[in-house]
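Worksheet for the structure shown next.
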Amino acid sequence: MKNTNAMTLANSEVGTIGVADYKQKKFEVEGRMIKTLLVLFILVVSTLHVSAQKTVVLDAFSKHGIDAGILSPANLQEPDDYAFDFRQTTIAANKTTVTIAKFDPSGPKEEQWTVISVNGKSPSKGDISSFRKNKVKEGASGQADDASYKIEKESADYLVVSYKPNATTVSKDAAFMKDCRLYMTINLKSCKLEQVQALNEKPLKIKILNAEKLDLITKYSYNDQAKRYFPVNEDLNIQAKFMGQAVNVQTVTERSNFTKK
Numbered sequence: 066m067k068n069t070n071a072m073t074l075a076n077s078e079v080g081t082i083g084v085a086d087y088k089q090k091k092f093e094v095e096g097r098m099i100k101t102l103l104v105l106f107i108l109v110v111s112t113l114h115v116s117a118q119k120t121v122v123l124d125a126f127s128k129h130g131i132d133a134g135i136l137s138p139a140n141l142q143e144p145d146d147y148a149f150d151f152r153q154t155t156i157a158a159n160k161t162t163v164t165i166a167k168f169d170p171s172g173p174k175e176e177q178w179t180v181i182s183v184n185g186k187s188p189s190k191g192d193i194s195s196f197r198k199n200k201v202k203e204g205a206s207g208q209a210d211d212a213s214y215k216i217e218k219e220s221a222d223y224l225v226v227s228y229k230p231n232a233t234t235v236s237k238d239a240a241f242m243k244d245c246r247l248y249m250t251i252n253l254k255s256c257k258l259e260q261v262q263a264l265n266e267k268p269l270k271i272k273i274l275n276a277e278k279l280d281l282i283t284k285y286s287y288n289d290q291a292k293r294y295f296p297v298n299e300d301l302n303i304q305a306k307f308m309g310q311a312v313n314v315q316t317v318t319e320r321s322n323f324t325k326k
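With the first letter of the sequence shown counted as 1, position 59 gets the number 124 in our numbering; the numbers rise by one all the way through.
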């Protein structure tokens, strides 16, 4: 069945071609798809930072003694004044790509990110250029839609607040995020944010993918000395279709060893 589908696809694109040529073309397409997915990850993460503040949310924070600074973009973004280790694993199209890098804000702007390895090998100039270019895209952050705030859950242990991105502040490439709702989970014992989860409310068109499900969970660690949150883990899962075939995508990002510079 897979061979039949492969020949059908090959015939529709370039006529009757050899199996070797088709495999090469398929390899190139999968490579482009993985690069697109890495860009997608950047776009999704860049919309998770809240700047608007809703009265109902602030009232709940006041009630539980939660610092309203939790809604500040600076408290949720990747820090730009701390050095840290970075590891990202992307699984898509039966391929796994592991990128290990370091961030050091004390270096020149264009060299603050150092790519150490890609799949255990020294990175190419293209790997380094692509990685740094994608990281620059994280600079822009979206805002929350004031009218979309909800208190989803309020128990003895947790407060869950949800909101939707403001469509007017989301970049064109990340327009699909307007159809997602984000859920902030706050531990009421510690009064600290634990995670933010983004879930789609309807099917999404994400560049070359038709996504049926998008689920991104960002977990945070609060540093008492720095008095700020660090995003330590991000897990992005997408169930989509590409060229009529089911595609499951997972990108896991880990940050550690934060050091003030």
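Beta carbons are placed, not taken as given, at the ideal position from N, Cα and C, and that holds for glycine.
Just so it is clear, the structure is predicted and the values come from calculations on it, not from any experiment.
Determine the direct distance from the alpha carbon of residue 184 to that of residue 169, and round the result to whole angstroms. Their Cα atoms are separated by approximately 22 Å.
How would you write the range of the alpha helix (DSSP H) that residue 159 sits in, first residue to last? No alpha helix (DSSP H) holds residue 159; DSSP gives it neither H nor E.
Tell me the DSSP secondary structure of residue 150 in three-state form. strand
For residue 120 and residue 246, what's the separation of their Cα atoms in angstroms? Rounded to whole angstroms, residue 120 to residue 246 spans 19 Å at the Cα level.
Among residues of its own chain, excluding the 5 on either side of residue 317, which ones have a beta-carbon nearer than 6 Å to its beta-carbon? 154 and 300
Can you tell me which of the three DSSP states residue 128 falls into? It is helical.
Whose C-beta lies closer than 7 Å to the C-beta of residue 188 among residues of the same chain, with five residues either side of it excluded? Within the same chain, Cβ atoms closer than 7 Å to the Cβ of residue 188 are found at 180 and 182, the five residues on either side in sequence being excluded.
Taking DSSP's pairing of strands, which residues face residue 230 in a bridge? 209
Cβ-based burial, residue 142 [other Cβ within 10 Å; buried from 16]: buried
Where does residue 323 sit, in a helix, a strand or coil, going by DSSP? strand
Please identify the residue among 315, 174 and 285 whose C-alpha is closest to the C-alpha of residue 162. 315
Rounded to the nearest angstrom, what separates residue 239 and residue 220 at their Cα positions? 33 Å
Going by beta-carbon coordinates alone, are residue 229 and residue 211 separated by less than 8 Å? no
Does residue 250 pass the burial test, meaning 16 or more other C-beta atoms within 10 Å, or should it be called exposed? buried
Residue 135 (DSSP reduced to helix, strand or coil): helix
Kindly list the residues whose CB is nearer than 8 Å to the CB of residue 167, restricted to its own chain and excluding five residues on each side of it in sequence; keep chain order. The answer, listed in chain order, is 148, 149, 150, 151, 178, 179 and 181.
Taking C-alpha atoms, which residue in 293, 319, 286 and 273 lies nearest to residue 260? 286
Assign residue 278 to one of three DSSP states: helix, strand, or coil. In this structure, residue 278 counts as strand in the three-state DSSP scheme.
Return the residue from the list 165, 172 and 171 that minimises the CA-CA distance to residue 193. 165
Check whether residue 306 and residue 275 have beta carbons under 8 Å apart: Contact flag set, yes.
Within 10 Å of its beta-carbon, does residue 227 have 16 or more other beta-carbons around it, so buried, or fewer, so exposed? buried
At the level of alpha carbons, what is the spacing between residue 312 and residue 297? 26 Å
Who pairs with residue 186 in a beta bridge, going by DSSP? BP columns for residue 186 point to 183.
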